[in-house]
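Notes follow once the structure below has been shown.
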Amino acid sequence: MSAPADVITLPSPPSRAARRRAIRLGDIPIVPAAILIIIALVAIFADQLAPHDPEVGKLTARFKPPFWQSGGSTQYLLGTDQLGRDVLSRLIFGARVSMVVGIMAVIVAGVIGTALGILSGYLRGWVDQVIMRITDTWLALPALTFAIFLAAIVGPSMWNIVIILGVTYWTRYARVIRGEVLSLREREFVQLAVVAGCSKWTIMARHILPNVINSATVLGSLMLGVVIITEATLSFLGVGVPPPQPAWGLMLSDGKQGLMVGYWWLTVFPGCCIMLMVLSANLLGDWLRVKLDPQLRQL
Amino acid sequence: MTRYITRRAAYCALSLLLLSLTIFFFVRVTGDPAALLVEPGASAADIAAIHHRFGLDQPLWVQYGLFMWSLAHGDLGQSFYYQTPVIDLYLSRLPNSLMLAGVAMVFSLLIGIPSGILAAVRVGRFWDSAGKVFALLGLSLPSFWVGLVLILLFSVYLHWLPSSGAGTPLHLIMPAFALGWYFAAAHMRLTRSSMLDVLGSEYIKLARLKGLPEALVITKHAFKNALIPVLTLAGINLVIMVNVAVVVETVFAWPGIGRLLYEGITFRDFPVVQGVVLLGGAMIVVVNLAIDILYAVIDPRIRLER
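Sequence order for the protein chains is S and V. Counting from 9, one number per residue, gives the positions in the first sequence under my numbering. Counting from -12, one number per residue, gives the positions in the second sequence under my numbering.
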């Protein structure tokens, strides 16, 4: 079927399949993605991978160096800590803590922030005023101070840390999502939904939410690094994941005891793990930002 | 103009009031300070006596009223733990914090500005990508770990620098570097983007058309103008550095404000926590206000908004 000559054809918007094809496999930064996948796999299969119990050590085997140094043995590949616990096993289980806390905290923060951002941006008026004033007050306290506070209130545990980090970092989502919703609510499809008699809640859930999910995902991937560092910092300060659970930040805090006598492996290995994970998350987040959401490129 | 300043100042006062309210109630949720001040197994009467001495037996709103009343008279109260006025504690730690933040700022600018300029001049080439990796690395390394590795290198193995404490300029080098490192990345990114903006402007094109050598265009014409936003950010960051140094201060046992706040929270020393948080919040708010006003003076469009 051919169109009449006098009809102007508009270029059709790219189909869903074409858009999906736009993200080709070759574009994905392979190294960071691979590192994150490996860490995730290590976290999942920690029970099978770890050669020793991460929480119970042998007091006769304290402060053993890694196997290539004199005094080290292949029984403890990366050495042991002040309680004779195997560093490698603790690193492996630490990956689980970092992954669970990081991803769950990003999700908690994302759900709170996105919900409040949509409410604030769509309803406007006093709801907007209240939410934005709360956001402002939240931001006047440095995030770390705020997290230490919350930790002092609810006490240390892994799931409390998830909630603390979620409650600390939702403001960033709220700000960005609100800005997007402010422009979305003036768009025609939203106006049409209003005319069609949709309730406010239906519009927010069915029409606004799907359009801000992209931004929320990008923000989430960028937040992952921040959240993991904050978790490590809280554990390091002694208000995060409680001992004897193996968390990388906690291992660094323990490692401080052996630092001055040169037990370097207790400090270097956990730090390298944190760096690898955060750097990979940041690289991937950066790539997602450029790829998925042109509006966020300035962030 | 006066109206603009008045409104901005009122907003600031409001957010400080909210902050005082938030912190006042937050700190009281963390627990009972008396439990940490008495010996284990102390009688209920002893605990009640301590409550009475610190005024904790009164209703919350009375406590808040008293706190605000003495605050209005410039009194932040007495520390439960040290038994000295909070303001004295704060002022005894402030010089240390300012010194640390000042040197950290110098470090971060010395690293951030030249590498930012280099990245902008060589945009898309090797130095640009190297700078990008450096910036990401700066954001990916926890500052306390940088501190620990520095101790390992320079104190344990090389014996060049003292590992902790304060007193000599040598004590300052490692904590300042660990603190400044993170901010260097931010300063580098901003220098790069601001330099790119300036390099694309008309007057730089003119300078080039006049036939000035490229080195002169960059150092004399572009650099100065690109520096304005970077220095503004540096001003804000200096205040932020004073208030977020707690981790670095912990690693190096640096007696600054961050430690004071952290100890205050763990010992449930309510007046100390309230005082430090409010003074920190006031610093941030006042600096932001000053910048807003400065911008309004420079750029009339801002005044007319809203």
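Idealized CB from N, CA, C, for every residue including glycine. Since the structure is predicted, the reported quantities are computational estimates derived from the model, not experimental observations.
| query | result |
| --- | --- |
| Step through the CB atoms of chain V and report whether any lies within less than 8 angstroms of the CB of Ala264 (chain S). | For clarity, residue 264 (chain S) is Lys in the given sequence; the question names Ala instead. Chain V contact via Cβ: present. |
| Could you run through the segment 38 to 63 of chain S and flag, in chain order, every residue whose CB is less than 9 angstroms away from some CB of chain V? | none |
| So the candidates are V:Leu85, V:Val73, V:Ile227 and V:Glu189; which of them puts its Cα closest to the Cα of Ala151 (chain S)? | V:Ile227 |
| Let me check understanding here. Comparing Cα to Cα, which of S:Gly246, S:Ser229 and S:Gly257 lies closest to Leu287 (chain S)? | S:Ser229 |
| Considering only DSSP beta bridges, list what Thr88 (chain S) is partnered with. | S:Asp94 |
| Can you tell me which of the three DSSP states Gln310 (chain S) falls into? | Residue 310 (chain S) lies beyond the residue range present for chain S, which begins at 9 and ends at 307; the question has no answer from this structure. |
| If contact is defined by three or more beta carbon pairs under 8 angstroms, each pair taking one atom from either stretch, is the segment 70 to 77 of chain S in contact with the segment 194 to 210 of chain S? | no |
| Leaving out five residues before and five after Gln45 (chain V) in sequence, what residues of the same chain have Cβ atoms less than 7 angstroms from its Cβ? | none |
| Residues in the segment 0 to 18 of chain V with C-beta within 7 angstroms of chain S's C-beta atoms, listed in sequence order? | Ser2, Leu5, Leu6, Thr9, Phe13, Val16 and Thr17 |
| Just to confirm my understanding: we take Gly187 (chain V), look at its own chain, exclude 5 residues before and 5 after, and list those with CB closer than 6 angstroms. What are they? | none |
| What did DSSP end up calling Gln261 (chain V) once you bin it into helix, strand or coil? | helix |
| Taking Cβ-Cβ distances below 8 angstroms as the criterion, which residues of the segment 116 to 137 of chain V are in contact with chain S? | Leu123, Leu124, Leu126, Ser127, Leu128, Pro129, Phe131, Trp132, Leu135 and Val136 |
| Grab the span of the alpha helix (DSSP H) containing Glu239 (chain S) for me, first residue to last. | Leu217 to Leu245 |
| I'd like the list of long-range same chain contacts for Leu147 (chain S), defined as Cβ closer than 8 angstroms, with 5 residues on each side in sequence excluded. | Thr179 |
| Below 8 angstroms on the Cβ atoms is my contact criterion, and I expect Val263 (chain V) with Tyr51 (chain V) to pass it. Report the Cβ-Cβ distance as a whole number of Å. | Actually they are not in contact, since the Cβ atoms of Val263 (chain V) and Tyr51 (chain V) sit about 18 angstroms apart, beyond 8 angstroms. |
| Could you please give the first and the last residue of the uninterrupted alpha helix (DSSP H) stretch that includes Val203 (chain S)? | Glu196 to Val203 |
| Near Val50 (chain S), what residues of its chain come up, given a Cβ to Cβ distance below 7 angstroms and the 5 sequence neighbours on each side ignored? | Leu57, Ile100 and Ala103 |
| Could you spell out the range, first to last residue, of the alpha helix (DSSP H) harbouring Tyr271 (chain S)? | Run containing Tyr271 (chain S): none; DSSP gives neither H nor E here. |
| Distance check for Ser2 (chain V) and Asp144 (chain S), CA to CA, integer angstroms please. | 8 angstroms |
| Could you name the residues of chain V that Ile282 (chain S) contacts, counting a contact when the two beta carbons are closer than 9 angstroms? | Ser127, Leu128, Pro129 and Trp132 |
| Report buried or exposed for Gln253 (chain S), applying the criterion of at least 16 other Cβ atoms within 10 angstroms of its Cβ. | buried |
| Using a C-beta cutoff of 8 angstroms, does Asn230 (chain V) count as contacting chain S? | yes |
| Less than 8 angstroms between CB atoms is the rule here; does Ser150 (chain V) satisfy it with respect to chain S? | yes |
| With a cut-off of 8 angstroms, does the C-beta of Val286 (chain S) fall near any C-beta of chain V? | yes |
| Taking buried to mean at least 16 other C-beta atoms within 10 Å of its own C-beta, is Arg297 (chain S) buried or exposed? | buried |
| Strictly below 7 angstroms CB to CB, what residues from chain A border Val233 (chain V)? | The chain inventory of the structure shown lacks chain A, comprising the protein chains S and V. |
| Which of the three DSSP states is assigned to Arg305 (chain S) in this structure? | Model confidence at Arg305 (chain S) stands at a pLDDT of 49, short of 50, so the residue's coordinates are unreliable and nothing is read from them. |
| Whole angstroms is fine: what's the gap from Arg29 (chain S)'s alpha carbon to Gly118 (chain S)'s? | Reliability of the predicted coordinates at Arg29 (chain S) is poor, the pLDDT of 49 falling under 50, and the value obtained from them is presented with this limitation in mind. Taking the straight line from one Cα to the other gives about 27 angstroms. |
| Note down, in chain order, every chain S residue with its Cβ under 8 angstroms from the Cβ of Leu47 (chain V). | Simply none; closest approach about 16 angstroms. |
| If contact means a Cβ-Cβ distance below 7 angstroms, which residues of the segment 231 to 249 of chain S contact chain V? | Gly233, Ile237, Ala240, Thr241, Phe244 and Leu245 |
| Under 7 angstroms, CB to CB, which of the residues in the segment 119 to 147 of chain S have a partner in chain V? | Asp144 and Thr145 |
| Determine the DSSP secondary structure at Pro20 (chain V), reduced to helix, strand or coil. | coil |
| Under a CB-based cut-off of 8 angstroms, is Leu291 (chain S) close to chain V? | yes |
| If we count the other Cβ atoms within 10 Å of its Cβ and call it buried at 16 or more, is Ser243 (chain S) buried or exposed? | buried |
| What are the boundary residues of the alpha helix (DSSP H) that includes Val73 (chain V)? | Val73 to Val108 |
| Cβ atoms of Phe277 (chain S) and Leu149 (chain S): under 8 angstroms apart, would you say? | no |
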